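Report on one structure; see the data block that follows.
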Amino acid sequence: MSTQVNESTNAPGLDRPAVVEANPGAFIADPGPLGLAGFAMTTFILSVFNAHILDASLEAVVLPVALFYGGLAQLLAGMWEFKKNNTFGALAFTSYGAFWLSFAALVKFIAAGLPPATAHQAVGLYLLAWTIFTLYMTIASARTSGAVFAVFVILSLTFIFLTIGELGPNTSMTKVGGYLGLLTAIAAWYASAAGVTNATWKRTVFPTWPRA
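As C-alpha cells, this is what we get:
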C-alpha cells in the first residue's frame, strides 16, 4: 500500500488540508468475526430444534436472533467486506444474512399459509436452493483458511440432510441435519473466536490454517 501526502504550506492565510491517497479498506476492522459469530449463534439455536433437543413449540425463539444477529448484523458484515475488497466474505455474509432474514419471513408470514399436505415440498425447495449456493461457496472457501473451509464443508452436509428431510419428508434426516448444524455452529464460533482473539492479541492464539 502506498500513501501520498501533500502537506499544506505554512504561508499565512493559506490553509490546505493534507490529501491522503490510501486503501480505504485498510482503516476498517475485520468484519469476519462478527459475521461468523452471527451465523454461529443463529445456526446453533435453530439446530437445537432441528435435532429435537428441545420441544418444537419453543422454536419461535429463533426468530429475533435470525432477524437481528444472523440477519442484520451479518448483512452489515457483508457490506463491510465489500469495503475491504473481500469478494468471498462479501458474498458469504451478505447472502447468509439474507438467508436468516428470509427464514424469519418464511416462518412468520408464509409457512402458515402453505397447504399442509405439500408445505414440506416448498421448504425443501427453499433448502435445496441454499444447498446449491453453499456447495459452490465451499469450493471457493478452500482458498481461504482451514477454519472457514471446515465451516462450509459441515454446512454443506447440514443443508443436504435438511433438504432430504424436508423433501422426504424424513424426520430422521432432519434430526441428523440438526446435529450437523450444531457442529457447523461450533466450527463457525471457533473461526470467529480465532479472528477476534488473534487480532486483539496480535499473534496467533487460535490457528486458522490459512490456505491462500
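Sequential numbering from 0 applies to the sequence shown in numbering that gives the first Met the number 0. Quick reminder that beta carbons are idealized off the backbone N, C-alpha and C, glycines included. Just so we're clear, the structure is a prediction, and the values are computed from it rather than from any experiment.
Exposure of G167 is indicated by the presence of fewer than 16 other C-beta atoms within 10 angstroms of its C-beta. Excluding the 5 residues flanking it on each side, L66 has same chain C-beta neighbours closer than 8 Å at W99, L100 and A103, in chain order.
Comparing alpha carbon positions, the residue from T162, F48 and F132 closest to A91 is F132. For the pair Q73 and F108, the CB atoms are not nearer than the 8 Å cut-off.
Taking the CA atoms as reference points, T86 sits about 31 Å from A121.
For the stretch 79–128, the continuous alpha helix (DSSP H) assignments of 4+ residues that do not extend past its boundaries occur at 86–104, in sequence order. Residue pairing by DSSP places S144 opposite P209 in a beta bridge. DSSP places P168 in the coil class of the three-state scheme, outside both helix and strand. The shortest CA-to-CA distance from V61 to any of L105, Y135 and L179 is the one to L105. Nearest neighbour of A149 by Cα position, chosen from S56, L124, M172 and I185, turns out to be I185. With respect to the C-alpha of Y135, the residue from A146, L154 and A118 having the closest C-alpha is L154. Per DSSP, reduced to three states, the secondary structure at A72 is helical.
Under the DSSP assignment, P32 falls in the alpha helix (DSSP H) whose first and last residues are G31 to N49.
Under the 8 Å Cβ criterion, the stretch 111–121 does not count as touching the stretch 174–185, having fewer than three qualifying pairs. Just so you know, the alpha carbons of V204 and A192 end up roughly 10 Å apart.
Counting every other CB atom within 10 Å of its CB across the protein chains shown gives A28 a total below 16, marking it as exposed.
The beta carbon of V195 is closer than 7 Å to those of P32 in its chain, skipping five residues each way along the sequence. Shortest Cα-Cα distance from L57 to any of I44, G88 and G96 involves I44.
Take the alpha-carbon of A89 and the one of A146: they are about 17 Å apart.
Taking C-alpha positions only, A141 is separated from T170 by approximately 31 Å.
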